[in-house]
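Student:
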Amino acid sequence: MVTKTYEEINQRIRDGDAVVVTAEELVEIVRERGVEKAAKEVDVVTTGTFGAMCSSGAFLNFGHADPPIKLGGGEIYLNDVPAYSGLAAVDTYIGATAISTKKGIEYGGGHVIEDLVRGKEIVLKGKGYGTDCYPRREIETTLTINDINQAILVSPRNIYQRYVAATNSKNETLYTYMGTLLPNYGNVNFSGAGVLSPLHKDPNYETIGIGTRIFIGGAQGYIIGQGTQHAPGKAMGTAMVLGDLKKMDPKYVRGCTIHRYGTSVYLGIGIPIPLINERVAKTAALGEDEIKTNLLDYGVARRDRPILREVTYKELRSGTIEISGKEVPVSPLSSFKDAREIAAKLKKLIEKGEFLLNTPAELLPRDTVFKPMKHVAAVPVIKEIMTKPVITGLPDEPISHAAKIFAEKNFDHLPIADKTGKLVGIVTSWDVAIALSTKKKKLSEIMTKKVITASENDPVDAVARKLEQHGISGVPVVDAKGLVSGIITSEDISKLIGRRTR
Amino acid sequence: MTVKLLLKYSPVALDKPILAQVIRQTSAEINILHAELNATKGEILIGVEAPPVEIEKLIHLLKKNGIDAKKLERAVELDENSCLDCGACISLCPTGALRLEKDYSVKLDEDKCILCEVCVPACPVRAIKVTRL
C-alpha cells in the first residue's frame, strides 16, 4: 500500500517537484496505469466547482461613526438589502438570499457581496436605538470594500458533494431553486461538477477537514468545519468555508437571481486532494459514469419528492436523458467550464509553489445525518379536507343543468367530466351568469377547458398558493389516473384555518 | 440585412404548397431557420434577403394564402462577458439556439432564435437581452 505524508507532499511542492493533476486528468491516468501507480506517481489532485450556493454570506465590520451608532439591535441595509443586526455595534452579516426592499429578488445579498468584491460603492443605511455610549440614531453613507475593516466570506454550507436532478410531472411550469421546470417532464436541471466535484473526490473524508486550505472566489481560504446538513452517508456531504472577500476575484463571486424564486450567489471553489494512500487515489479517480444522483419530481410539493430513477452525471452531461420513452433536454445549473478552469488554476498555483497543503486539525465527520424538521402538527393534505363525492356535469348537458345544481346545492363550481370520469373542463356560477346574455346552450360551450387542478396528496398550503396565484376560488381534485375525485374551494381551506387557530 | 419572418399556418393552409408558390412569385432569397409542423398547426421561421418592397410583397402573398406572416422586429443578444456558462437556459430553448459548446461554454445561434424569450428571465445573471430593432 502506497502512503504519503502531508510534509512529504509539501516538500515536493516547495522543491517544484510535485506531480499535480486535475481530477479529470486523474480519471484517465488511473484507467491507463491503475490505482497503485497513480497513487505512487501523483501527489495532489485538484477539483473545482462553480455553482449557486444559497447558504453563503459575509461578515463585515464598518468601523465607528462619529458620534457613534449602535447598529446591533437596530437595522442595517446595504443597497437596500437587509443585513443581520444581532451583533455588536458595527458588525454585520450579509446573507446571499436577503432581498432588496426596493427591487425585490432582482437584487439581493449575493449581488451586494459581488459589488463589494468589484470595489463598487455600497450605500449603508442604519438605525440605532441610542444609548449613552452610542447616542446616534441614524446613519447613511457610502463605502467600498477598501473603506471597511473586515469583509470575510463565511458560509455555513457550500460545495454540496453532489445534488439531485430535477424535473416536473405537473402540467404547469414550476419556478424552483432548481431553475425553471417545464411542464410534463419538459426538461431536467441538475447541479454539481460531477467528475470535478470537490467533496465527491474524497467521499470518505480522509483528507478534508478543519483547516484544509482551499481555492475560494479566486483567493486562498479554508474549510472551517462540516457544513450544515452534512450527510456524508448519503453522499450529500457539505463544508463550512471561510475566505477573505478583499482578496477575491469578481469572476468567481457572482450574485444571481433565480427566476421567481430568489437571490443567491455563484461561488467558485476548488479543493486540493493529497493522494495520501491508494484508497484516496481510487475515489479521486471516480468517473462521471460512477457518480450517481437521483432524478426527483419537483411537481410534488413535499419534502420527500418521488424519485423517478437513478442517473449518472455522465448521462446528465450528455445533454438529454430519457424519461418514459421521451428524450428530455438537460440543463446544468453550475458551470462545468468554470469548474475546469478552477481545477486548472489550483493545479498551476500548487505547481508554482504558491499554494501549500494544510494538514487538517480534524477531519470532517463521516457519521452525521440530515434530520427533517420536528413538526408539532402535521400539515393536512387535500384528500383529507376536500368535498367528496363530487357532483360533475357532462359536456353535452344544458347550461340550465348547472344553474339548477348551483341553486340547489349552493355550489359555485361544477367540474365537467366525460363518461369515463376524466376531467375535461369546469363551469362556475359566474360562467352561467354570463351565458344568460348569449345564445349558448351546452356546458361544453361555456366551460373552461384548461383546468387548474390539485392532486389528492398535495399539501393544503400548496393549493392555497395556487388559488391565490391564479385568482380562483376552487379547483377540482384529480387522482393518479386523471379522474375527478373531489373538489376543494377556498371556503374549505378557510374552515381548516379556523379549526387550526381555535 | 436578413429579415426574419415567423409564419404561422392555419390548419387549412397546412396541406397546400404555399411556400413554394410564393417563392416562385417573388425574387426573395429564403432560408428556413426553424420549422415545426404537425397535423393541426405549423410554424416556420425564415430568413429573407431582399429589398423592403419585395419583403412586403412576400408578406402580402403569404397572408393572402392564409398564413399569418409576421416580421420579427427584435434582436437577441448574449452578453458573453456577463454569462456564467452555467447552462440554465439550455434546456428551456425550444429550437436549440442556445447550446453548450464542446468546451462547455454557452453559445447563442441568433439565426435559430424564434424570440420566445423563455430564456431571458431564466438567466441568473440577466446575460440574455432582447432589444427592438
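Residue numbers (the numbering used here), protein chains in the order written: chain E, -17 to 484; chain S, 777 to 909. Note that beta-carbon positions come from the ideal geometry of N, C-alpha and C, so glycine has one too.
Give me the residue from Gly301/E, Asn276/E, Leu298/E, Ser306/E with the minimum Cα distance to Glu292/E.
Tutor: Counted from its first residue, the first sequence places residue 292/E at position 310. Comparing alpha carbon positions, the residue from Gly301/E, Asn276/E, Leu298/E, Ser306/E closest to Glu292/E is Asn276/E.
Student: Rounded to whole angstroms, how far is the Cβ of Ile332/E from the Cβ of Pro254/E, which I believe are closer than 8 Å?
Tutor: For the purposes of this step, residue 332/E is taken as residue 350 along the first sequence, with counting starting at 1. For the purposes of this step, residue 254/E is taken as residue 272 along the first sequence, with counting starting at 1. Rounded, the Cβ-Cβ distance is 6 Å, consistent with contact.
Student: Can you check DSSP and say which residues form a bridge with Asp73/E?
Tutor: The residue given as residue 73/E occupies position 91 in the first sequence. DSSP lists Asn43/E as the bridge partner or partners of Asp73/E.
Student: Starting from Phe32/E, trace the beta strand (DSSP E) both ways and give me its first and last residue.
Tutor: The residue you call residue 32/E lines up with position 50 of the first sequence. It spans 31 to 34 - the beta strand (DSSP E) in which Phe32/E sits, taken as one unbroken run.
Student: Which class does Leu860/S belong to by DSSP, given the choice of helix, strand or coil?
Tutor: As a working mapping, residue 860/S is identified with position 84 in the second sequence. The answer is coil: DSSP assigns Leu860/S none of H, G, I, E or B.
Student: Residues of chain S with CB under 7 Å from Cys238/E, in chain order?
Tutor: Start at 1 with the first residue of the first sequence, and residue 238/E comes out as number 256. Under the 7 Å cutoff, chain S gives Pro900, Val901.
Student: By the 10 Å Cβ neighbour count, where 16 or more other Cβ atoms means buried, how is Asn814/S classified, buried or exposed?
Tutor: For the purposes of this step, residue 814/S is identified with residue 38 of the second sequence, where counting begins at 1. Counting Cβ neighbours within 10 Å, Asn814/S comes out exposed, since fewer than 16 surround it.
Student: Tell me, which residues are paired with Phe197/E by DSSP?
Tutor: Taking the first residue of the first sequence as position 1, residue 197/E is located at position 215. DSSP lists Gln202/E, Gly252/E as the beta-bridge partner residues of Phe197/E.
Student: Taking Leu163/E and Ala147/E to be in contact with their CB atoms under 8 Å, please state how far apart those CB atoms are, rounded to whole angstroms.
Tutor: Within the first sequence, residue 163/E is the residue found at index 181, counting from 1. Within the first sequence, residue 147/E is the residue found at index 165, counting from 1. Ala147/E and Leu163/E do not touch by the CB rule: their CB atoms are close to 11 Å apart, not below 8 Å.
Student: How far does the beta strand (DSSP E) with Lys274/E in it extend, from its first residue to its last?
Tutor: The count along the first sequence starts at 1 and reaches residue 274/E at position 292. Where Lys274/E is concerned, the enclosing beta strand (DSSP E) stretches over 274 to 279.
Student: Would you list, in sequence order, the uninterrupted beta strand (DSSP E) runs of no fewer than 3 residues that lie entirely inside the segment 142 to 228 of chain E?
Tutor: Those beta strand (DSSP E) runs which fall completely within the segment 142 to 228 of chain E and span 3+ residues are 147 to 149, 156 to 158, 161 to 163, 170 to 172, 195 to 198, 201 to 208, 221 to 226.
Student: Quick one: Cα of Glu812/S to Cα of Ile820/S, how far?
Tutor: On the second sequence, position 36 is the one that residue 812/S refers to. On the second sequence, position 44 is the one that residue 820/S refers to. Their backbone Cα atoms lie some 6 Å apart in a straight line.
Student: When the distance is taken between beta carbons, is Gly237/E closer than 8 Å to Leu328/E?
Tutor: As a working note, residue 328/E is residue 346 in the first sequence. As a working note, residue 237/E is residue 255 in the first sequence. In this structure, Leu328/E sits away from Gly237/E, with a CB-CB distance that is not shorter than 8 Å.
Student: For Val94/E, does the three-state DSSP call read helix, strand or coil?
Tutor: The count along the first sequence starts at 1 and reaches residue 94/E at position 112. Note: Val94/E maps to helix in three-state DSSP.
Student: Hey, is Asp879/S's beta-carbon within less than 8 Å of any beta-carbon in chain E?
Tutor: Residue numbering aside, residue 879/S sits at position 103 when the second sequence is read from its first letter. Yes, its Cβ sits closer than 8 Å to a Cβ of chain E.
Student: Closer than 7 Å by beta-carbon distance: list the chain S residues that pair up with Phe318/E, in chain order.
Tutor: Counting from 1 along the first sequence, the entry for residue 318/E is found at position 336. Within chain S, the residues placing a beta-carbon under 7 Å from that of Phe318/E are Tyr880, ordered along the chain.
Student: Within 10 angstroms of its Cβ, does Tyr116/E collect 16 or more other Cβ (buried), or is it exposed?
Tutor: Start at 1 with the first residue of the first sequence, and residue 116/E comes out as number 134. The residue is buried, with at least 16 neighbouring Cβ atoms inside 10 Å.
Student: Taking only beta-carbon atoms, is Ala175/E less than 8 Å away from chain S?
Tutor: Residue 175/E sits at position 193 when you count from the first residue of the first sequence. Cβ-Cβ to chain S under 8 Å: no for Ala175/E.
Student: Is there a Cβ from chain E that is less than 8 Å from the Cβ of Leu762/S?
Tutor: Residue 762/S lies beyond the residue range present for chain S, which begins at 777 and ends at 909; the question has no answer from this structure.
Student: Helix, strand or coil: how does DSSP classify His357/E here?
Tutor: As a working note, residue 357/E is residue 375 in the first sequence. It is coil, neither helix nor strand.
Student: On the three-state DSSP scale, how would you describe Asn140/E?
Tutor: Here residue 140/E is taken as the residue at index 158 of the first sequence, counted from 1. In this structure, Asn140/E counts as strand in the three-state DSSP scheme.
Student: At 7 Å on the CB atoms, spell out the chain E contacts of Leu821/S, in chain order.
Tutor: The residue given as residue 821/S occupies position 45 in the second sequence. Per Cβ cutoff of 7 Å: no residues; Leu821/S is ~19 Å from chain E at best.
Student: Kindly list the residues whose CB is nearer than 8 Å to the CB of Val445/E, restricted to its own chain and excluding five residues on each side of it in sequence; keep chain order.
Tutor: To locate residue 445/E, count along the first sequence from 1; it is residue 463. Correct list, in chain order: Ile364, Ala436, Val457, Ile470, Ile475.
Student: Could you tell me whether the Cβ of Ala873/S comes closer than 8 Å to any Cβ of chain E?
Tutor: Position 97 of the second sequence, counted from the start, is the residue given in the question as residue 873/S. Chain E, which has no Cβ nearer than 8 Å to the Cβ of Ala873/S, makes this no.
Student: Does Gly161/E come within less than 8 Å of chain S when only Cβ atoms are used?
Tutor: Indexing the first sequence from 1 puts residue 161/E at position 179. By this cut-off, Gly161/E is an interface position.
Student: Closer than 6 Å by C-beta to Ala263/E: which residues in its own chain qualify, once you throw out the five before and the five after it? Chain order, please.
Tutor: Translated into the one-based positions of the first sequence, residue 263/E becomes position 281. Once the five neighbours on either side are set aside, the close Cβ partners of Ala263/E are Val17, Ala20, Ala21, Leu257.
Student: With distances taken Cα to Cα, identify the nearest neighbour of Leu834/S among Leu782/S, Tyr880/S, Asp885/S.
Tutor: Taking the first residue of the second sequence as position 1, residue 834/S is located at position 58. Here the closest residue by C-alpha is Leu782/S.
Student: Report the neighbours of Tyr248/E on chain S: residues whose CB is nearer than 9 Å to its CB, in chain order.
Tutor: Counting from 1 along the first sequence, the entry for residue 248/E is found at position 266. The answer, in chain order, is Leu860, Cys862, Pro900, Val901.
Student: Would you identify the three-state DSSP class for Arg13/E, choosing helix, strand or coil?
Tutor: If you number the first sequence from 1, residue 13/E lands on position 31. Helix at Arg13/E.
Student: Under the rule that 16 or more other beta-carbon atoms within 10 Å means buried, what is Tyr187/E, buried or exposed?
Tutor: Within the first sequence, the letter at position 205 stands for residue 187/E. Buried, because 16 or more other Cβ atoms sit within 10 Å of the Cβ of Tyr187/E.
Student: Of all Cβ atoms in chain E, is any one closer than 8 Å to the Cβ of Pro828/S?
Tutor: Counted from its first residue, the second sequence places residue 828/S at position 52. Cβ-Cβ to chain E under 8 Å: no for Pro828/S.
Student: Is the shortest distance between the beta-carbon of Ser313/E and the beta-carbons of chain S less than 8 Å?
Tutor: Locating residue 313/E in the first sequence gives position 331, where the first residue counts as 1. So, interface residue.
Student: Helix, strand or coil, according to DSSP, for Cys238/E in the structure here?
Tutor: Sequence index remark: in the first sequence, residue 238/E carries index 256 (1-based). Residue state, collapsed to three classes: strand.
Student: Is Ala34/E close to chain S, meaning its C-beta is less than 8 Å from at least one C-beta of that chain?
Tutor: The residue you call residue 34/E lines up with position 52 of the first sequence. True, the Cβ-Cβ gap to chain S drops below 8 Å.
Student: Look up Ser82/E in the DSSP assignment and say whether it is helix, strand or coil.
Tutor: As a position in the first sequence, residue 82/E is number 100, starting the count at 1. In the structure shown, Ser82/E sits in a strand (DSSP, three-state: E or B).
Student: By Cβ distance below 7 Å, which residues in the same chain neighbour His395/E in space, the five residues on each side in sequence not counted?
Tutor: Locating residue 395/E in the first sequence gives position 413, where the first residue counts as 1. Answer for His395/E: Ile408, Thr410, Gly456, Ile469, Thr471, listed in chain order.
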